[in-house]
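Going letter by letter, the sequence shown gives residues 3 to 560 in the numbering used here. Notes follow the structure.
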Amino acid sequence: MSSSDNVRVPHFIRNIIESDLAGGKHKAIVTRFPPEPNGYLHVGHAKSICLNFGLALDYHGKCNLRFDDTNPEKESEEYAQSIQDDVHWLGFQWNGEVHWASDYFEALYDYAADLIGQGKAYVCDLTPDEMREYRGTLIAPGKNSPYRDRAVAENLDLFARMRAGEFPDGSKVLRAKIDMASPNINMRDPVIYRIKRAHHIRTGDQWCIYPMYDYTHCISDALENITHSLCTLEFEDHRPLYDWVLDQLPVPCHPQQIEFSRLELQYTLTSKRKLNQLVTEKLVAGWDDPRMPTITGMRRRGYTPEGIREFARRIGISKSDNVVDMSVLEGCIREDMEVRMPRVMAVVRPLKLVITNFVAGETQSREAGFHPNHPEFGSRLVPFSKEIWIEADDFAEAPPPGWQRLVPGGEVRLRYSYVIKCDEVVKDAAGNVVELRCSIDPNTLGKNPEGRKVKGVIHWVSAEHALPVEIRLYDRLFTVAEPDGDKEHDFREFLNPHSLEVLSGWVEPAVRDVPPETRYQFERLGYFCADRRDHKPGEKLVFNRAVTLKDSWTKEQG
Ligand code: ATP
Ligand code: MG
């Protein structure tokens with residue numbers, strides 16, 4: 003954990019926890035992070051992870067990881083594994099073993115039988131259409147199911163036979179008997195078990211009935227002695243049901259459900275279903291495509307766990323809308339990488355520059371520190387030779403006002419090296435600049451030129467020594483702030499066709515053998531990360547730009 007992790011931003015959930023601890027309601031807190039293993043986690047989940055695990059750390063409590071695995075058809079081992087990897091990568095460790103709602107299937111079944119025994123649940127044979135009709139609407143109360151008054155013994159028998167596989171899928175459900183006239187539709191005799199012959203990733207074909215989320219979640223919380231069950235605001239209307247179930251049953255404790263607003267990040271999506279669509283329709287390269295807002299995508303792009311945790315801290319926790327601009331996330335990543343990542347030089351749009359007054363075949367190397375404020379990061383030798391690469395857009399024949407980089411006849415300093423003067427511009431038949439011929443002022447190594455000021459400094463690499471590098475630059479995945487906020491247009495219509503640009507560049511030899519996921523600042527270009535999948539040390543170098551050096555994007559838009 004980094005230093006900013008220790009800065010506690012106050013919010014209403016902290017207030018509740020602190021007063022529960024001070025007033026003796028709890029000796030210690032227990033939270034949980036309860037994902038369904040039906041997709042990869044995204045930046046919204048990161049908010050929830052940082053909240054739940056962060057509170058447990060701050061108050062010396064515990065946080066469980068519990069898979070809410072009650073929808074067997076959509077769930078997979080791959081998703082469950084990825085979620086564990088993501089939580090670890092973000093820097094958190096759950097308490098004890100991973101928990102699964104399916105660990106409680108037997109207990110959940112017994113509790114359901116208990117409800118039936120109390121006359122508080124019944125087997126209902128209405129079809130889904132009839133059920134919808136009986137449910138009523140927001141303004142009209144529902145009607146009682148004709149099966150509502152089945153005798154306890156009959157219900158117990160039918161429920162046991164549902165489990166035994168005597169009835170086809172969807173032909174019967176078990177419902178809680180609460181109140182069909184409740185203004186809260188969730189309380190109108192909600193379904194708590196359904197028949198579904200589906201293979202489950204953990205229980206296999208052992209069960210053909212599965213408990214519903216609302217019924218499962220509160221009991222799982224209680225069985226794990228969760229003290230504060232934190233969830234997003236869409237569950238606010240489910241809280242009466244959460245409390246009702248626990249009030250009826252002899253569970254070990256009654257956790258408090260507290261809702262907070264979900265993170266919505268602009269220019270991207272925080273819907274697992276839609277992200278899944280992007281992956282299955284191959285509109286992105288996979289769940290870990292660096293343009294994806296998934297944790298694994300952000301990781302591959304080069305975002306740091308420290309930066310993401312800082313982001314979660316900065317956006318805060320409340321019940322009001324949490325629509326956040328991408329620049330807030332990028333700012334957190336940038337600030338973290340600025341102080342922690344070593345700096346080297348790379349050229350991503352190379353233009354050949356020949357030093358006419360330097361001896362061919364000779365190499366001069368100069369030592370350069372990896373970070374101006376961190377001598378402890380060490381240094382490397384930066385080789386200089388007759389031919390170098392500079393960035394094509396560091397040269398302009400007709401520069402805009404205020405230009406400080408290279409122009410014909412002008413001077414500029416090569417970072418860590420000489421001041422050079424552009425004597426000649428070489429063009430191809432089409433008139434494109436293909437080479438610059440320059441001369442060094444030999445008297446400018448480590449000192450200012452005499453009698454004149456040279457303001458511009460550009461980065462470069464020695465052509466003889468540089469290593470080829472594949473550079474991947476990323477832009478927003480969508481062209482609009484709320485891609486799923488348009489009623490007429492599908493979110494896929496707003497995909498940004500220019501969100502990925504692949505370039506062939508050159509980088510200093512110092513990075514030759516660095517492993518995947520090594521991060522650098524490439525001077526003047528941004529923060530980069532060696533690709534997790536495609537970067538092969540010493541063989542094929544592939545770097546992703548995680549974030550630019552400055553937030554130029556917000557300004558361009560504004
Ligand atoms: P679904 O349930 O539709 O598959 P989900 O995004 O709710 O999607 P879960 O796996 O149920 O996915 O989420 C796990 C936890 O993460 C839940 O507590 C949920 O409230 C929280 N969470 C999900 N999305 C966000 C978000 N955008 N912001 C904050 N928390 C979120
Ligand atoms: Mg959910």
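Positions of the beta carbon are idealized from the N, C-alpha and C atoms, including for glycine.
Checking 8 Å against the spacing of the C-beta atoms, do V45 and M300 come in under that value?
In the sequence shown, the residue the question calls residue 45 occupies position 43. In the sequence shown, the residue the question calls residue 300 occupies position 298. Yes, these two residues count as a Cβ contact at 8 Å.
Look up P143 in the DSSP assignment and say whether it is helix, strand or coil.
Within the sequence shown, numbered from 1, the residue matching residue 143 stands at position 141. Here P143 sits in coil by DSSP.
Can you give me the Cβ contacts of N375 inside the same chain, cut-off strictly under 7 Å, excluding the 5 residues immediately before and after it?
For the purposes of this step, residue 375 is taken as the residue at position 373 of the sequence shown. Nothing meets the Cβ criterion.
In chain order, what residues of the same chain have a beta carbon less than 8 Å from the beta carbon of V409, not counting five sequence neighbours either side?
Looking up residue 409 in the sequence shown gives position 407. Excluding positions up to five away in sequence, the list reads F397, A398, E399, P401, C424.
I believe I51 touches L92 by the beta-carbon criterion, under 8 Å. Please report the beta-carbon distance rounded to the nearest angstrom.
What you label residue 51 is simply residue 49 of the sequence shown in a count that begins at 1. What you label residue 92 is simply residue 90 of the sequence shown in a count that begins at 1. Yes, they are in contact, since the Cβ atoms of I51 and L92 sit about 6 Å apart, within 8 Å.
Kindly give me the distance between the Cβ atoms of V509 and V471, rounded to whole angstroms, as I take these residues to be in contact under 8 Å.
As a working mapping, residue 509 is identified with position 507 in the sequence shown. As a working mapping, residue 471 is identified with position 469 in the sequence shown. In this structure V509 is in contact with V471, their Cβ atoms being roughly 4 Å apart against a cut-off of 8 Å.
Given the structure, does P37 come close to the ligand ATP, in the sense that its CB is under 7 Å from one of the ligand's heavy atoms?
As a working mapping, residue 37 is identified with position 35 in the sequence shown. Distances taken from the Cβ of P37 to the heavy atoms of the ligand ATP include one shorter than 7 Å.
Based on DSSP bridge pairs, tell me the residues matched to L67.
Taking the first residue of the sequence shown as position 1, residue 67 is located at position 65. Note: L67 sits in a beta bridge opposite F35.
Please return the same chain residues whose Cβ sits closer than 8 Å to the Cβ of A114, not counting the five positions on each side in sequence.
Within the sequence shown, the letter at position 112 stands for residue 114. Hits under 8 Å: A123, F161, L176, I194, Y195, P213, Y217.
How about P39 and F69: do their beta carbons lie closer than 8 Å?
What you label residue 39 is simply residue 37 of the sequence shown in a count that begins at 1. What you label residue 69 is simply residue 67 of the sequence shown in a count that begins at 1. Result yes, Cβ atoms of P39 and F69 sit closer than 8 Å.
Please name the residue in G507, R163, M343, E236 whose C-alpha comes closest to that of N188.
By 1-based counting over the sequence shown, the position of residue 188 is 186. The residue with the shortest Cα to Cα distance from N188 is E236.
If you measure between the beta carbons of G121 and V154, is that distance less than 8 Å?
For this step, residue 121 is matched to residue 119 along the sequence shown. For this step, residue 154 is matched to residue 152 along the sequence shown. Yes; because the gap between Cβ atoms is below 8 Å, this pair is in contact.
Can you tell me whether DSSP reads I51 as helix, strand or coil?
Looking up residue 51 in the sequence shown gives position 49. Reduced to three states, the DSSP call for I51 is helix.
Are the beta-carbon atoms of R474 and L497 separated by less than 8 Å?
Residue mapping note: residue 474 aligns to position 472 of the sequence shown, counting from 1. Residue mapping note: residue 497 aligns to position 495 of the sequence shown, counting from 1. A distance of 8 Å or more separates the beta carbons of R474 and L497.
With DSSP as the reference, please indicate the residues paired to H101 in a beta bridge.
Against the sequence shown, residue 101 aligns to sequence position 99. According to DSSP, which records beta bridges pairwise, H101 is partnered with R68.
Considering only the beta carbon of each residue, do K388 and V361 sit closer than 8 Å?
The residue you call residue 388 lines up with position 386 of the sequence shown. The residue you call residue 361 lines up with position 359 of the sequence shown. Taking 8 Å as the Cβ cut-off, K388 and V361 qualify as a contacting pair.
Just checking G46 against the ligand GTP - is the residue's beta carbon closer than 7 Å to any of the ligand's heavy atoms?
Although the ligand GTP was asked about, the structure shown includes only the ligand ATP and the ligand MG as ligands.
At a threshold of 7 Å, does N359 count as lining the ligand ATP (C-beta to nearest heavy atom)?
Start at 1 with the first residue of the sequence shown, and residue 359 comes out as number 357. N359 Cβ: outside cutoff for every heavy atom of the ligand ATP.
Taking the alpha-carbon positions, what's the N73 to E332 distance?
In the sequence shown, the residue the question calls residue 73 occupies position 71. In the sequence shown, the residue the question calls residue 332 occupies position 330. Roughly 35 Å between the two C-alpha positions.
Would the beta-carbon of P254 fall within 8 Å of that of H230?
Working through the sequence shown from its first residue, we reach residue 254 at position 252. Working through the sequence shown from its first residue, we reach residue 230 at position 228. Cβ atoms of P254 and H230: not closer than 8 Å.
Answer yes or no: does any C-beta atom of chain D fall closer than 8 Å to that of D151?
Checking the listed chains, one finds no chain D in this structure; it contains a single protein chain.
Taking the straight line between their C-alpha atoms, what separation do you get for I19 and G119?
Translated into the one-based positions of the sequence shown, residue 19 becomes position 17. Translated into the one-based positions of the sequence shown, residue 119 becomes position 117. Rounded to the nearest angstrom, the two C-alpha atoms are 36 Å apart.
By DSSP, does P307 sit in helix, in strand, or in coil?
Reading the sequence shown from its first residue, position 305 is the one you call residue 307. Residue state, collapsed to three classes: helix.
Is there at least one non-hydrogen atom of the ligand ATP closer than 7 Å to the beta-carbon of L475?
Counted from its first residue, the sequence shown places residue 475 at position 473. L475: no, Cβ never under 7 Å from the ligand ATP.
DSSP on K557, reduced to helix/strand/coil?
Locating residue 557 in the sequence shown gives position 555, where the first residue counts as 1. Bear in mind that the predicted position of K557 carries a pLDDT of just 49, short of 50, making it unreliable; the figure below should be weighed with that in mind. Helix.
Thinking C-beta only, is V549 closer than 8 Å to V346?
Walking along the sequence shown from the start, residue 346 turns up at place 344. Walking along the sequence shown from the start, residue 549 turns up at place 547. It is not a contact, given that the beta carbons lie outside the stated cut-off.
Just the Cα atoms here: how many angstroms apart are G540 and I221?
In the sequence shown, the residue the question calls residue 540 occupies position 538. In the sequence shown, the residue the question calls residue 221 occupies position 219. Rounded to the nearest whole angstrom, the C-alpha separation of G540 and I221 is 54 Å.
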